[in-house]
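Since the structure comes first, as structure tokens, the remarks are kept for the end.
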Amino acid sequence: MIRPLAAALLIVLIGAESAAAQTPRTLAALDELRAAAGGLSDAHLREETLAGLQSRPCVRHRAGLTAADEDVILAALRADGLMPASADGVQAEVQRLTVFPPLADGAACPALPQPLESAPGGNAGSHHDWPGGLVDHEVFNLRLGLALADLYEAEDGLPVDRDAVIAAVLWHDWAKALVLVWNDDGSLPPERPIAGAGAHHVLGLAEAMARGLPEAEILAQACAHAAPIGDDQRTVQNWLRAAAIISRTAWTVPAVPTRECLISNAADDNWVHAEAAVHAADAALARLAPRFGYPAADGPAYRTRLRNPMLETLGADRIKALSDVEGDAGVERALRAAGF
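Just so you know, the sequence shown maps onto residues -21 to -1, 1 to 319 in mature numbering (1 follows the signal peptide of the UniProt record, and there is no 0).
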């Protein structure tokens, strides 16, 4: 029997298909990520990361999971203080759907609910919140992470574990494709927390653990959202503990600030610039929207036919830069040249 809230959320899977990203820009970004994964030196890490970068990969930490297994996992998370004790049936169901979002099929190893290349890179109103935004975000982080690795190697003369840095970037937001699934109207659902982090962060760590990725990579991946220094050491340790419970694996490695961990953390800081860019881009697009026949007040039509496709085609950074330098006229010229 499908629970009412779960049935409602399954509807969004249809919207996810309609948002599938196909622009050359998005596909080029995906190719760059796959090329980086193909260059990993560790054979198992390479194989699993390439598998995870397919359009509709298996969600390994959900393979063979039963309702009884879900109950055990939720109870363990609550017992460890990683999720609050549920007060009523509705709250308990929300928690279940936070930890176990709806998937695309009932296969032994079920697939992501939307193509990886259509996933956003952030929540609504946050950085990279358009179809294809996830791969855009990860490509920038990849380039930044490798540049930082070069700089630190030049500074201290010792090699950085590039496998850990590259794979941490590729996996750190992978589960946004699981959690942030497009609605038919071009909007995104809210993201709820696990262990104090957005659910995608902990579920991405659970996926890495379920796939048996190296400890150095998993630690660097965990560090993307906080460096384990001072009070944040406990924060990162809690994320890893929650991921181990969800993936039904053991994790005993302490959260320490390795060089790869700190590079992963710094590489993800591009969201600060990117979030400012998307706010500026949204303002510019809303001003220009009536000239393209879809005023922002139209809501779904504006998002699905104008706002989201425009951002996927040009990216928020370019729209912001054009707006800063050339004003609305420059943004409009670029959009017209792109076929809008």
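Where a beta carbon is used, it is the ideal one built from N, C-alpha and C, also for glycine. On a predicted model such as this, the values are computed, not experimentally measured, just so you know.
Sub-7 angstroms separation of E27 and D140 beta-carbons: no
Residues near G43 in its chain [Cβ-Cβ closer than 7 angstroms; skip 5 each side]: So the qualifying residues of the chain are A87.
Beta-carbon spacing of S34, L95 below 7 angstroms: yes
Sequence-distant residues of its chain with Cβ nearer than 7 angstroms to D152 (five each side left out): G100, L113, H116, E117, H179, G183
Host alpha helix (DSSP H) of residue 330 (start-end): In the structure as shown, the chain starts at -21 and stops at 319, and residue 330 therefore has no counterpart that could be examined.
Start-to-end residues for the alpha helix (DSSP H) that takes in D303: 295 to 316
Alpha-carbon spacing of L(-13) relative to R171, whole angstroms: Residue placement at L(-13) is poorly supported in this model, since its pLDDT is 43, which falls under 50; the coordinates are not used for a value here.
C-alpha gap between R120 and L53, whole angstroms: Rather than Arg, the amino acid found at residue 120 in this sequence is Asn. When rounded, the distance between both Cα atoms is 32 angstroms.
Distance between A246 and A203 (C-alpha atoms, nearest Å): 8 angstroms
Cα-Cα separation, R297 to A147: 26 angstroms
Distance between E311 and D261 (C-alpha atoms, nearest Å): 13 angstroms
Under the three-state DSSP convention, the category C88 falls into: Coil at C88, not helix or strand.
Per-residue burial, A58 [other beta carbons within 10 Å of its own, 16 or more giving buried]: exposed
Local Cβ density within 10 Å of T77, reported as buried at 16 or more and exposed below that: buried
Contact check, A174 vs N244, beta carbons under 7 angstroms: no
CB contact flag (L290, W161, <7 angstroms): no
Assigned secondary structure, L(-12) (DSSP; H/G/I helix, E/B strand, else coil): Reliability of the predicted coordinates at L(-12) is poor, the pLDDT of 41 falling under 50, and the value obtained from them is presented with this limitation in mind. In the three-state reduction of the DSSP assignment, L(-12) falls in the helix class.
S105 classed as buried or exposed, judged by whether at least 16 other C-beta atoms fall within 10 angstroms: Buried, by the Cβ-count rule.
Where the alpha helix (DSSP H) through Q25 begins and ends: Sequence check: residue 25 is Arg here, not Gln. Where R25 is concerned, the enclosing alpha helix (DSSP H) stretches over 22 to 31.
Pairwise C-alpha distance: A263 and D303: If you draw a straight line from the Cα of D303 to the Cα of A263, it is about 10 angstroms long.
Within 7 angstroms, strictly: CB atoms of A195 and A143: Contact annotation: A195 and A143 have beta-carbon atoms nearer than 7 angstroms.
Continuous alpha helix (DSSP H) stretch holding V51: start and end: 46 to 58
Collapsed DSSP secondary structure at G209 in the structure displayed: coil
For A8, the three-state DSSP class (helix, strand or coil): helix
T292 and T2 closer than 7 angstroms at C-beta: yes
For A199, the three-state DSSP class (helix, strand or coil): Helix.
Q200 vs W250 beta-carbon contact at 7 angstroms: no
Rounded distance between the beta-carbons of V215 and A205, thought under 8 angstroms: 6 angstroms
Host alpha helix (DSSP H) of A259 (start-end): 249 to 267
Beta bridge counterpart(s) of I242 as assigned by DSSP: DSSP output for I242 lists no bridge partner at all.
Rounded straight-line distance, which links the Cα of G209 to that of A313: 46 angstroms
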